[in-house]
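In our numbering, the protein residues as written are 169 to 422.
Following: one structure in structure tokens, then a few remarks.
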């Protein structure tokens with residue numbers, strides 16, 4: 169009887185541990201705040217000339233004050249002092265937490281999928297000849313403003329553009345953009361900055377990485393028509409990811 173009871177206790181503990189492990193998520197959903205939205209708008213206006221040059225579709229509040237700040241940015245007079253001005257505008261005229269509800273729901277529905285994909289990278293990365301920088305948790309921040317998606321490679325923060333109807337730029341399913349940004353963070357220092365890759369080549373390389381790794385799990389994902397297409401002959405199968413450092417070194421020195 170004692171052995172039976174001990175067995176039941178061990179089984180119960182094991183079961184609890186399994187449940188606890190299942191509850192751990194690599195994706196954390198951050199509910200929007202006025203400060204976060206102000207930051208998105210400020211950064212977008214600050215980089216407006218670069219973003220327009222790259223051909224990005226830019227979403228900003230429709231307001232004459234925003235138009236004036238864009239003009240300041242292009243004239244080189246926009247700066248940190250304008251943050252408070254934007255904050256006041258968003259707080260008094262634009263911010264409504266209900267505007268993000270549908271987008272949050274869609275991301276929540278794909279958390280399990282994204283956890284699986286992140287864990288797949290985590291399992292494979294030690295076999296690669298380059299370091300894929302990972303975070304225990306990736307924070308997903310929602311915004312109505314900006315260019316589609318952005319990332320902070322030092323904090324593991326992904327900013328995801330949506331609209332009041334819960335739609336996303338480029339893809340119907342948000343997992344495509346979130347995994348794209350995670351890939352950006354993974355190779356930002358060990359590949360992109362190390363080899364001083366251009367913006368277009370960086371985007372193409374990240375797209376290729378995600379496509380080769382997860383084309384079955386993310387069937388909607390596609391490679392954008394930007395960057396040097398010659399890289400396609402160097403990185404064309406999943407096995408190439410393991411030798412990406414050597415491949416990019418050869419590519420940039422050709």
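The beta carbon of each residue, even a glycine, is placed where N, CA and C say it ideally should be.
A quick note: this is a predicted structure, and the numbers were derived from the prediction, not measured.
Alpha carbon of residue 243 to alpha carbon of residue 312, nearest angstrom: 25 Å
Residue 144 - containing beta strand (DSSP E), residue span: No answer is possible for residue 144: the residues shown for the chain start at 169 and end at 422.
Return the bridge partner residues of residue 318 from the DSSP annotation. 327
Is the distance from the Cβ of residue 310 to the Cβ of residue 198 below 9 Å? Cβ atoms of residue 310 and residue 198: closer than 9 Å.
Give the straight-line distance between the Cα atoms of residue 245 and residue 403, rounded to the nearest whole angstrom. 42 Å
DSSP three-state label for residue 214, please. In this structure, residue 214 counts as helix in the three-state DSSP scheme.
Measure from the alpha carbon of residue 422 to the alpha carbon of each residue in 319, 399, 306, 362, then state which is nearest. 399
Excluding sequence positions up to five away, which residues of its chain have a Cβ less than 6 Å from the Cβ of residue 412? Closer than 6 Å at the Cβ level, and outside the excluded window around residue 412, lie 298.
Where the alpha helix (DSSP H) through residue 279 begins and ends: 279 to 292
Quick one: is residue 277 buried, meaning 16 or more other Cβ sit within 10 Å of its Cβ, or exposed? exposed
For residue 197, report the span of its beta strand (DSSP E) as first-last. 195 to 198
Does residue 375 pass the burial test, meaning 16 or more other C-beta atoms within 10 Å, or should it be called exposed? Here residue 375 is buried, its C-beta having at least 16 other C-beta atoms within 10 Å.
Can you tell me which of 254, 217, 227 puts its alpha carbon nearest to the alpha carbon of residue 332? 227
Applying the criterion that 16 or more other CB atoms from any shown protein chain within 10 Å of the CB defines a buried residue, is residue 407 buried or exposed? exposed
Counting C-beta neighbours from all protein chains within 10 Å, is the total for residue 360 16 or more, i.e. buried, or is it exposed? buried
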